[in-house]
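Chains as they are written, first to last, in our numbering: chain A, 3 to 206; chain B, 35 to 110.
Think of the CB as a built atom: it goes at the ideal place given N, C-alpha and C, for glycine as much as any other residue.
Just so it is clear, the structure is predicted and the values come from calculations on it, not from any experiment.
Here is the structure we will look at, set down as structure tokens.
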Amino acid sequence: MNKCTDSDIQELLPDLLHGALTEAEKVRVDAHVATCESCQEDLDVLRTVKSAAVFAPSIDVDRVVRQIPPYRAIVPAVEAPARARVASWLVAATLALFVVGGGSVLMTRQNSSGTSVVDGGAKTTPKIATTGTAAPSRVPVATPSQTIAEPATSPHPHALALAAEADGLSDGGLVQLMNDMDTFDALPGSEPDPVISVDSGDSL
Amino acid sequence: MSEYGALDSLIAEEAQERVRKSLDALSPTQREVFTLRVQQGLSYKEIAEVVGSTEGAARVHYHNAIQTVKEFLRDE
């Protein structure tokens with residue numbers, strides 16, 4: 003058997019098995035193999051090896067490990083986003099705490115200031131009434147002169163007003179007043195009489 | 035399994051054993067280049083990238099491997 007000298011055709015034989023040749027290359031290889039016993043033998047060997055498929059390519063673990071990027075080069079790229087996320091969550095939580103806490107403090111201060119204003123108003127009112135130098139106050143002051151004067155100007159006759167006017171009455175007037183007071187009812191006249199309905203059962 | 039099926043299986047096992055022995059006769063680099071070229075159908079350029087060598091060196095390894103395997107199977 004003569005040894006084939008066409009190395010190009012020999013190198014294309016595996017591609018012929020896998021159908022990886024162009025149409026022109028396939029025609030050229032087929033034409034050569036048809037007349038070359040060495041290439042026919044090579045093609046038979048290749049078919050046998052291909053169909054056997056008993057050997058898995060050895061894996062050079064050391065070379066694969068060398069191709070892996072250094073560990074330190076990968077870790078920062080992975081950890082940086084995680085730290086950024088944690089930091090953003092912390093910032094968000096802090097802001098939320100400030101907003102909620104500040105709002106509650108403001109509400110508390112507003113409530114306390116409102117009560118102080120009411121108290122202050124209540125405290126200032128007697129001061130204005132006692133001084134009497136500014137605008138006249140309508141708050142009654144317990145002075146004897148006003149106590150006597152107000153019933154005189156009041157348009158409504160009242161028992162207290164009558165009692166206040168009793169100082170100016172004569173003895174006969176006082177006796178008449180006492181007699182009138184004896185006739186006063188214990189209950190006001192406008193009090194409605196109690197109505198008690200008794201069901202006798204005749205309506206049934 | 036039929037009689038013909040059992041015979042085919044036996045022939046296949048024998049062929050696999052012969053090919054395994056022929057590949058064991060190769061150097062590690064020759065075996066890797068040869069199997070990548072024949073069984074996986076990779077080009078010489080791809081094989082060179084896989085094995086970390088040049089395309090010309092992959093061609094040389096392939097030629098040496100097929101000559102060794104052919105002689106081994108011929109002598110069997």
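Residue i - DSSP class collapsed to helix/strand/coil
{"i": "ASP116(B)", "result": "The structure shown does not extend to residue 116(B), since chain B is modelled only from 35 through 110, so no value can be given for it."}
{"i": "GLY90(B)", "result": "helix"}
{"i": "MET16(A)", "result": "Note on residue identity: the sequence assigns Pro, not Met, to residue 16(A). Residue state, collapsed to three classes: helix."}
{"i": "ASN4(A)", "result": "coil"}
{"i": "SER172(A)", "result": "coil"}
{"i": "VAL29(A)", "result": "helix"}
{"i": "THR24(A)", "result": "coil"}
{"i": "ALA36(A)", "result": "coil"}
{"i": "THR102(B)", "result": "helix"}
{"i": "PHE186(A)", "result": "coil"}
{"i": "ILE70(A)", "result": "coil"}
Range of the contiguous alpha helix (DSSP H) that encloses residue i
{"i": "THR50(A)", "result": "39–54"}
Residue i at chain E interface by Cβ criterion, 7 Å
{"i": "VAL51(A)", "result": "The structure shown contains no chain E; its protein chains are A and B."}
Q. Which residues, in chain order, does the stretch 49–67 of chain B contribute to contact with chain A at a C-beta distance below 7 Å?
A. ALA49, GLN50, VAL53, ARG54, LEU57, PRO62, ARG65, GLU66
(Q) Using a Cβ distance threshold of 8 Å, determine whether the stretch 86–104 of chain B contacts the stretch 48–66 of chain B, with at least three qualifying pairs required. (A) yes
Q) Going along the chain, which unbroken runs of the beta strand (DSSP E) with 3 or more residues stay wholly within the stretch 56–86 of chain B? A) none
Q) Can you list, in chain order, the residues of the stretch 89–101 of chain B whose Cβ is nearer than 8 Å to any Cβ on chain A? A) ARG93, TYR96, HIS97, ILE100
Q: Could you say if the stretch 80–88 of chain B and the stretch 42–56 of chain B meet the contact criterion of at least three C-beta pairs nearer than 8 Å?
A: no
Q.
Along the stretch 22–47 of chain A, where does the CB come closer than 7 Å to a CB of chain B? Name the residues.
A. ALA22, GLU43, ASP44, VAL47
Q | Inter-stretch contact at 8 Å, needing at least 3 Cβ pairs: the stretch 40–50 of chain B / the stretch 58–77 of chain B | A | no
Q.
For the stretch 92–99 of chain B against the stretch 62–71 of chain B, do three or more pairs of beta-carbon atoms, one drawn from each stretch, fall closer than 8 Å, so that the two count as touching?
A. yes
Q) Would the stretch 3–20 of chain A and the stretch 178–186 of chain A be scored as touching if the rule is three or more Cβ pairs under 8 Å? A) no
Q. Taking contact to mean at least 3 C-beta pairs separated by less than 8 Å, is the stretch 39–49 of chain A in contact with the stretch 4–13 of chain A?
A. yes
Q.
Residues of the stretch 85–100 of chain A in Cβ contact with chain B at a cutoff of 7 Å, in chain order, please.
A. none
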